[in-house]
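Undergrad: Residue numbers (the numbering used here), protein chains in the order written: chain A, 1 to 425; chain B, 426 to 645.
Don't be surprised by glycine CBs; every beta carbon is placed ideally from N, CA and C.
Put into structure tokens, the structure is as follows:
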């Protein structure tokens, strides 16, 4: 990756040289096109791509990103887990903009590898406390009335989990990259539950995947009936295999582990099943030795994605600080940004759609004079929740929770632009 | 409004309150009936109250032999774990420690979870290959490694609920909205919020970033 890092750095410098203004101002040379400047050969010379024909329409039946974007990929941390089949990789948040995560960059978390299932061999069973147990094919589900499209973030409850005891990983891809934001196509989950007919004591739902982990989670019926979806599409196309093709559960605002992929079974019951992922995992051990369970909702959170350790500051003068905010309790109402480690704050500019339980994009347009910065962001949501500092969170929960770390992140930008993950008091 | 109408309205309101029923949506008729054989093939979950446990039994001794053969390469001969694979025994009483050791004995609240999970997905990479008796035996062995049952113990559907795990009572339902009420409805400070800012830790010190991407930066 050293080579590609150089290439990225070089291409950014090229861009700045071409853009001129920022670099020239920073160097104190005055306006672009100063006396004695040589003409840019990228302008005066005929380039290969100006002369020769490129690929035709038959060459790229499924288009891929430009070869120059090869560094914009999911990355994993090998030492985190014992096996690559039960592991996680991270969304490159520092290289993305807007609110939608491209399908191929949505972080992956599997417990038994990626199941590859032919859609005509997939079945969804609904049984338990219902009037009539049913089996659906994917085609059956696609014939249901009430098809819908909704944008939701999906965050792993363990996102930022490595940072409870202090700054650890240099890059928002690694500290915050277990989140993605996608427009799902599907039907309300309640449609199939009502088709089967819920009995009066139907209080909980067990959702099960068809992969080698047969992943299971218990979901309160209230949530299942409120806004959960059966999703088969993401961002306009079929789910990717990594995201549960051909069918997944969508549980808006709630921890990613509950969004069962390769969904094959829904059992209706009167109490939770106490499965492995809701007892030994995804429970939050607090300082007093007791543990919170069923902490389903993802609290409001934000992170500055640019600058960040993988996307350092490259020029003095005009710069665009950018970041993401989200809340499992509804819409983001405001994001504040500090450049002095939380002493003074300004309200960021939100741009793009502001949707409940969706990533929300914010910006601060600013001039950088080359001094050290300690950059933070603080999200607020429509329930009045204000994102806490890491220390406030530690005071409330200790450092052994693993899950639900939504504390305020700090990046230290140095005079040379290098940006580092730090903790401040 | 006539007295009779008022009574009718009152009765209707009372009925709504007393007998809340889900609105009966129109059925689409999609899907087909699930057959009993199909349901039993997939419905293998076991609840904490024992619902879903299959008939069967297995001893600590049988479990030990199975564990050595099918489980120990990852979880260690004594369920102590190897490498980064899960530790399944020990750690009891460490939940308040700086570095708690979460195992089946020290952390898991319910025994049913072990049975359910092992039957559902273990051994890793060869799921559903253990019989019900073998699963009972392996769970019995794990209990023994955690000093919860004696060497001659035989676990069965019949005595399953008599075994309780020591950490069960320490779990409670999400109470963040009460316990962390102070995170709501605060007026965030905007200026001069603290006297000074001090860097107290750096990721670089721990140096665990997978790639050295900070190299080669130069501000123009």
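For residue 420 of chain A and chain B, any beta-carbon pair shorter than 8 Å?
TA: Within the first chain, numbered from 1, the residue matching residue 420 of chain A stands at position 420. With 8 Å as the cut-off, residue 420 of chain A counts as an interface residue toward chain B.
Undergrad: Is it buried or exposed, residue 122 of chain A, if we count other Cβ atoms within 10 angstroms and call 16 or more buried?
TA: By 1-based counting over the first chain, the position of residue 122 of chain A is 122. Burial call: buried.
Undergrad: When we look at the beta-carbon of residue 411 of chain B and count the other beta-carbons within 10 Å, is it buried (16 or more) or exposed?
TA: Beyond the ends of chain B as shown, which are 426 and 645, falls residue 411 of chain B; an answer cannot be given.
Undergrad: With 7 Å as the C-beta to C-beta threshold (strictly closer), list the residues of the region 122–140 of chain A near chain B in chain order.
TA: So the list reads 125, 127, 132, 133, 134, 135, 136, 140, given in the order they occur along the chain.
Undergrad: Taking only beta carbons into account, state which residues of the region 278–306 of chain A come closer than 8 Å to chain B, listed in chain order.
TA: So the list reads 279, 280, 283, 285, 287, 288, 289, 290, 291, 292, 293, 294, 295, 296, 297, 299, given in the order they occur along the chain.
Undergrad: Are the Cβ atoms of residue 483 of chain B and residue 580 of chain B separated by less than 8 Å?
TA: One-based indexing of the second chain puts residue 483 of chain B at position 58. One-based indexing of the second chain puts residue 580 of chain B at position 155. Yes, they are a contact pair.
Undergrad: In this structure, does DSSP put residue 570 of chain B in helix, strand or coil?
TA: Counted from its first residue, the second chain places residue 570 of chain B at position 145. Helix, per DSSP.
Undergrad: Look at the alpha carbon of residue 169 of chain A and the alpha carbon of residue 402 of chain A, and state the distance between them as a whole number of angstroms.
TA: In the first chain, counting from the first residue as 1, residue 169 of chain A sits at position 169. In the first chain, counting from the first residue as 1, residue 402 of chain A sits at position 402. Approximately 15 Å, taken between the alpha carbons.
Undergrad: Express the C-alpha separation of residue 63 of chain A and residue 57 of chain A in angstroms, rounding to a whole number.
TA: Taking the first chain and counting its residues from 1, one reaches residue 57 of chain A at position 57. Taking the first chain and counting its residues from 1, one reaches residue 63 of chain A at position 63. About 10 Å.
Undergrad: Whose C-beta lies closer than 6 Å to the C-beta of residue 29 of chain A among residues of the same chain, with five residues either side of it excluded?
TA: Along the first chain, one-based indexing puts residue 29 of chain A at 29. Here residue 29 of chain A scores only 39 on pLDDT, less than 50, and its place in the model should not be relied on; the value that follows carries that caveat. Nothing listed; no residue qualifies.
Undergrad: For residue 209 of chain A, list the residues DSSP reports as bridge partners.
TA: The sequence position of residue 209 of chain A within the first chain is 209, counting from 1. Answer is A:263.
Undergrad: Return the Cβ separation of residue 166 of chain A and residue 423 of chain A in integer angstroms, given the expectation that the two are a contact with Cβ distance under 8 Å.
TA: Here residue 166 of chain A refers to the residue found at position 166 of the first chain. Here residue 423 of chain A refers to the residue found at position 423 of the first chain. Yes, they are in contact, since the Cβ atoms of residue 166 of chain A and residue 423 of chain A sit about 6 Å apart, within 8 Å.
Undergrad: Reducing DSSP to helix, strand and coil, say where residue 220 of chain A ends up.
TA: Counting from 1 along the first chain, the entry for residue 220 of chain A is found at position 220. Here residue 220 of chain A sits in strand by DSSP.
Undergrad: When the Cα atoms are used, what is the spatial distance from residue 74 of chain A to residue 267 of chain A?
TA: Counting from 1 along the first chain, the entry for residue 74 of chain A is found at position 74. Counting from 1 along the first chain, the entry for residue 267 of chain A is found at position 267. Going by the C-alpha atoms only, they are around 34 Å apart.
Undergrad: Report yes or no: is there a C-beta of chain A within less than 8 Å of the C-beta of residue 616 of chain B?
TA: Translated into positions along the second chain, residue 616 of chain B becomes position 191. It does; some Cβ of chain A falls within 8 Å.
Undergrad: Given that residue 425 of chain A touches chain B, what residues does it touch there, using C-beta distances under 7 Å?
TA: As a first step, residue 425 of chain A is located in the first chain; it is residue number 425 there, counting from the start. 623, 625, listed in chain order.
Undergrad: Which residues of chain B have a Cβ atom closer than 9 Å to the Cβ of residue 81 of chain A, listed in chain order?
TA: Here residue 81 of chain A refers to the residue found at position 81 when the first chain is read from its first residue. Chain B residues near residue 81 of chain A: 509.
Undergrad: Among the candidates A:250, A:177, A:67, whose CA atom is the shortest distance from the CA of residue 190 of chain A?
TA: Position 190 of the first chain, counted from the first residue, corresponds to residue 190 of chain A. For residue 190 of chain A, the nearest C-alpha among the options comes from A:250.
Undergrad: Sort A:333, A:265, A:383 by Cα distance to residue 432 of chain A and report the nearest one.
TA: In this structure chain A extends from 1 to 425, so residue 432 of chain A is not present and cannot be described.
Undergrad: By how many angstroms is the C-alpha of residue 311 of chain A removed from the C-alpha of residue 161 of chain A?
TA: Within the first chain, the letter at position 161 stands for residue 161 of chain A. Within the first chain, the letter at position 311 stands for residue 311 of chain A. The straight-line gap from Cα to Cα measures roughly 22 Å.
Undergrad: Could you name the residues of chain A that residue 452 of chain B contacts, counting a contact when the two beta carbons are closer than 7 Å?
TA: Sequence index remark: in the second chain, residue 452 of chain B carries index 27 (1-based). 195, listed in chain order.
Undergrad: Give the list of continuous beta strand (DSSP E) stretches no shorter than 3 residues that lie fully inside the region 367–424 of chain A.
TA: As far as the region 367–424 of chain A is concerned, its whole beta strand (DSSP E) runs of at least 3 residues are 373–381, 410–413, 419–424.
Undergrad: Indicate the three-state DSSP secondary structure (helix, strand or coil) for residue 173 of chain A in the structure shown.
TA: Numbered from its first residue, the first chain carries residue 173 of chain A at position 173. Correct three-state label for residue 173 of chain A: helix.
Undergrad: Taking only beta-carbon atoms, is residue 273 of chain A less than 8 Å away from chain B?
TA: Start at 1 with the first residue of the first chain, and residue 273 of chain A comes out as number 273. Chain B contact via Cβ: present.
Undergrad: Please work out which residues of its chain come closer than 8 Å, Cβ to Cβ, to residue 572 of chain B, disregarding the five sequence neighbours upstream and downstream, and give them in chain order.
TA: Counting from one through the second chain, the residue named residue 572 of chain B turns up at place 147. Excluding sequence neighbours, residue 572 of chain B sits near 517, 530.
Undergrad: Looking at chain A, is there any beta carbon in it that lies within less than 8 Å of the beta carbon of residue 497 of chain B?
TA: Mapped onto the second chain, residue 497 of chain B falls at position 72. Output row for residue 497 of chain B: interface = no.
Undergrad: Starting from residue 154 of chain A, trace the beta strand (DSSP E) both ways and give me its first and last residue.
TA: Locating residue 154 of chain A in the first chain gives position 154, where the first residue counts as 1. 148–155 is the extent of the beta strand (DSSP E) around residue 154 of chain A.
Undergrad: If you measure from the beta carbon of residue 525 of chain B to each beta carbon in chain A, is any gap under 8 Å?
TA: Reading the second chain from its first residue, position 100 is the one you call residue 525 of chain B. Yes, residue 525 of chain B counts as interfacial toward chain A.
Undergrad: Would residue 179 of chain A and residue 155 of chain A be called neighbours here (beta carbons separated by less than 8 Å)?
TA: Working through the first chain from its first residue, we reach residue 179 of chain A at position 179. Working through the first chain from its first residue, we reach residue 155 of chain A at position 155. Yes, the Cβ-Cβ distance between residue 179 of chain A and residue 155 of chain A is below 8 Å.
Undergrad: Could you tell me the alpha carbon to alpha carbon distance between residue 132 of chain A and residue 257 of chain A, rounded to whole angstroms?
TA: By one-based count along the first chain, residue 132 of chain A stands at place 132. By one-based count along the first chain, residue 257 of chain A stands at place 257. Spanning the two alpha carbons is a distance of roughly 28 Å.
Undergrad: Cutting at 6 Å between CB atoms, please list the residues of its own chain near residue 331 of chain A, excluding the five before and the five after it.
TA: In the first chain, the residue the question calls residue 331 of chain A occupies position 331. Cβ within range, chain order: 354, 356, 382.
Undergrad: Looking at chain B, is there any beta carbon in it that lies within less than 8 Å of the beta carbon of residue 396 of chain A?
TA: In the first chain, residue 396 of chain A corresponds to position 396, counting from 1. Yes, residue 396 of chain A lies at the interface with chain B (some Cβ there is under 8 Å from its Cβ).
Undergrad: Measure the alpha-carbon distance for residue 26 of chain A versus residue 175 of chain A and round it to whole angstroms.
TA: Indexing the first chain from 1 puts residue 26 of chain A at position 26. Indexing the first chain from 1 puts residue 175 of chain A at position 175. Confidence at residue 26 of chain A is low in this model, with a pLDDT of 41, below 50, so the placement of that residue is unreliable and no value is reported for it.
Undergrad: Among residues of its own chain, excluding the 5 on either side of residue 406 of chain A, which ones have a beta-carbon nearer than 8 Å to its beta-carbon?
TA: Reading the first chain from its first residue, position 406 is the one you call residue 406 of chain A. If we look at residue 406 of chain A and ignore the five residues flanking it on each side, its Cβ neighbours are 160, 298, 299, 300, 301, 387, 388, 393.
Undergrad: Quick one: grab the DSSP three-state call for residue 600 of chain B.
TA: As a working mapping, residue 600 of chain B is identified with position 175 in the second chain. Note: residue 600 of chain B maps to coil in three-state DSSP.
Undergrad: Three or more beta-carbon pairs under 8 Å between the region 519–539 of chain B and the region 587–600 of chain B, yes or no?
TA: At 8 Å Cβ cutoff, the stretches touch.
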